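Engineer:
In this note's numbering, the protein residues as written are 1167 to 1358.
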């Protein structure tokens, strides 16, 4: 159940990831399905079917849903996490786990970008993903990545994308998923 949309602005938009993000957001914020449905402009039964995996999420619904559940490190604790990433000496960055929007990056990571990294904040990095990353992303739902609030980190070989903007060279990578205070999920991306 993968929802298709323009990958340059919305990431891969896996339906399971969006449904899990919605459920997590609702539980943490104590929002009933009916209230979430009203905010999203759909019926309560639609929210129920999304969360149960019984109904695909169309691109227009996915955009509204993503606007609701996308990670924003707004609280003091979340801002501290972003600060730790920005001050790290390692090549790391933090993205929204659902949309792949860049939230924070270390100086070592910024040095590898072919553009002013500040201009990438808030933009999805999904379009720069090489086939190896796309394959790992596609396997996340079956691996239970979205079922567990904090699944075990995963490590894999990245491959190469040949981009001058956000170059990815063959290396070992680790993804660690964390939940922010508002229930949204972020992914710490490390080059090992």
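Backbone N, C-alpha and C define an ideal beta-carbon position, used for all residues, glycine too. Since this is a predicted model, take the numbers as computed values, not measurements.
Among 1324, 1285 and 1317, which one has its Cα closest to the Cα of residue 1299?
Structural biologist: Counting from one through the chain shown, the residue named residue 1299 turns up at place 133. That would be 1324, whose Cα lies nearest to the Cα of residue 1299.
Engineer: What does DSSP give as the partner residue(s) for residue 1344 in the beta ladder?
Structural biologist: In the chain shown, the residue the question calls residue 1344 occupies position 178. Per DSSP, 1352.
Engineer: Which same chain residues, not among the five before or five after residue 1171, have their C-beta less than 8 Å away from its C-beta?
Structural biologist: Looking up residue 1171 in the chain shown gives position 5. Model confidence at residue 1171 stands at a pLDDT of 32, short of 50, so the residue's coordinates are unreliable; what they give is reported in the following sentence. Closer than 8 Å at the Cβ level, and outside the excluded window around residue 1171, lie 1179, 1225, 1228 and 1229.
Engineer: Mapping DSSP to helix, strand and coil, what is residue 1261?
Structural biologist: Residue 1261 sits at position 95 when you count from the first residue of the chain shown. Correct three-state label for residue 1261: strand.
Engineer: Rounded to whole angstroms, how far is the Cβ of residue 1252 from the Cβ of residue 1271, which I believe are closer than 8 Å?
Structural biologist: Numbered from its first residue, the chain shown carries residue 1252 at position 86. Numbered from its first residue, the chain shown carries residue 1271 at position 105. That pair is a contact at about 7 Å.
Engineer: If you drop the 5 nearest sequence neighbours on each side, which residues of the same chain put their C-beta closer than 7 Å to that of residue 1217?
Structural biologist: On the chain shown, position 51 is the one that residue 1217 refers to. Counting only Cβ-Cβ distances below 7 Å, and skipping sequence neighbours, we find 1185, 1188 and 1189.
Engineer: What's the C-alpha gap between residue 1221 and residue 1342?
Structural biologist: For the purposes of this step, residue 1221 is taken as the residue at position 55 of the chain shown. For the purposes of this step, residue 1342 is taken as the residue at position 176 of the chain shown. Cα to Cα, the separation comes out at about 28 Å.
Engineer: Hey, how far is the Cα of residue 1336 from the Cα of residue 1203?
Structural biologist: Reading the chain shown from its first residue, position 170 is the one you call residue 1336. Reading the chain shown from its first residue, position 37 is the one you call residue 1203. One C-alpha to the other measures close to 43 Å.
Engineer: From the DSSP secondary-structure annotation, give me the bridge partner or partners of residue 1271.
Structural biologist: Residue 1271 sits at position 105 when you count from the first residue of the chain shown. Per DSSP, 1259.
Engineer: Measuring CB to CB, does residue 1266 end up less than 7 Å from residue 1306?
Structural biologist: Numbered from its first residue, the chain shown carries residue 1266 at position 100. Numbered from its first residue, the chain shown carries residue 1306 at position 140. In this structure, residue 1306 does not lie closer than 7 Å to residue 1266 by Cβ.
Engineer: Should residue 1193 go down as buried or exposed, given a rule of 16 or more other Cβ atoms within 10 Å for buried?
Structural biologist: By 1-based counting over the chain shown, the position of residue 1193 is 27. Flag for residue 1193 reads exposed.
Engineer: So, is residue 1338 buried or exposed, given that buried needs 16 or more other C-beta atoms within 10 angstroms?
Structural biologist: On the chain shown, residue 1338 is found 172 positions in, with the first residue counted as 1. By the 10 Å Cβ count, residue 1338 comes out exposed.
Engineer: Report the three-state DSSP secondary structure of residue 1230 (helix, strand or coil).
Structural biologist: On the chain shown, residue 1230 is found 64 positions in, with the first residue counted as 1. Here residue 1230 sits in helix by DSSP.
Engineer: Taking C-alpha atoms, which residue in 1294, 1344 and 1287 lies nearest to residue 1311?
Structural biologist: In the chain shown, counting from the first residue as 1, residue 1311 sits at position 145. Of the candidates 1294, 1344 and 1287, the one whose C-alpha sits nearest the C-alpha of residue 1311 is 1344.
Engineer: Between which two residues does the alpha helix (DSSP H) containing residue 1331 stretch?
Structural biologist: Your numbering for residue 1331 matches position 165 in the chain shown. Careful: residue 1331 lies outside any alpha helix (DSSP H) and carries neither H nor E.
Engineer: For residue 1339, write down the residues that DSSP places opposite it in a beta bridge.
Structural biologist: The residue you call residue 1339 lines up with position 173 of the chain shown. The partner list for residue 1339 (beta bridge, DSSP) reads 1322 and 1357.
Engineer: Does the Cβ of residue 1349 have 16 or more other Cβ atoms within 10 Å, making it buried, or fewer, making it exposed?
Structural biologist: Start at 1 with the first residue of the chain shown, and residue 1349 comes out as number 183. It is buried - the Cβ of residue 1349 has at least 16 other Cβ atoms within 10 Å.
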